[in-house]
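Residue numbers -3 to 137, in the working numbering, belong to the letters of the sequence shown in order.
Report on the following structure.
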Amino acid sequence: MPPKKKTHEVTLALEAGNAAMVDLGKMLGPTGANMRAVKVEYDEATAKNRGEIIPVIVSVYEDRSHTLAYKTPPTSFLIRKTLGIQSGASNPLTQNVGTLSATQVKEIAERKLPDLNANDLDAAIKIVAGTARSMGVKVAS
């Protein structure tokens, strides 16, 4: 049996365990994928991370079947969650919205490592620290 031909690939950032059908409809409607099946599969797989944003890549094939590939939450989301803040600074050069300890940066980097363009944990820590600085978050050394 020849491999199925992929017709669409859509990346979605949805709330874990509670994907909104409206968001799915807007993005998956043109692909012909079964939105209800995608929602059920996504919600079951991400239920343990309820309240987080878990990106997913939906691959739709010519027979309208689909596969889901899950990513780690965005770095900025993890930083905001760790600090308990709603958003980063509007001007990160002059505003400081919080401080991350070296341990917190390492924990975020370890979680993000599979999705980052980094070869090792030290490189991942630098990427997370850079994201934090761009949000107006100080990084303790």
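Every residue gets a Cβ at the ideal spot worked out from N, C-alpha and C, and that includes glycine.
This one's a predicted model, so the numbers in the text were calculated from it and none came from an experiment.
Reference residue i; option with closest CA among the options
i, options, result
"T90", "L96, S137, V133", "V133"
"I107", "L24, T68, V56", "Residue identity differs from the one stated: residue 107 is Arg in this sequence, not Ile. It is T68."
"T78", "T99, L64, S86, I50", "T99"
"R129", "E48, S86, H62", "S86"
7 angstroms CB neighbourhood of residue i in its chain, flanking five on each side removed
i, result
"T127", "T71, S72, I75"
"Y38", "L10, A15, V52, L64"
Supposed close pair residue i, residue j - CB separation, criterion 8 angstroms
i, j, result
"L109", "V135", "Not confirmed; about 17 angstroms, so no contact."
"V34", "V54", "6 angstroms"
"N56", "G28", "Per the sequence shown, residue 56 should be read as Val rather than Asn. Confirmed, about 7 angstroms."
Under the three-state DSSP convention, the category residue i falls into
i, result
"K77", "helix"
"T95", "strand"
"A125", "helix"
"P70", "coil"
"E103", "helix"
"A65", "strand"
"E5", "strand"
Under 7 angstroms between C-beta atoms of residue i and residue j
i, j, result
"I104", "A114", "no"
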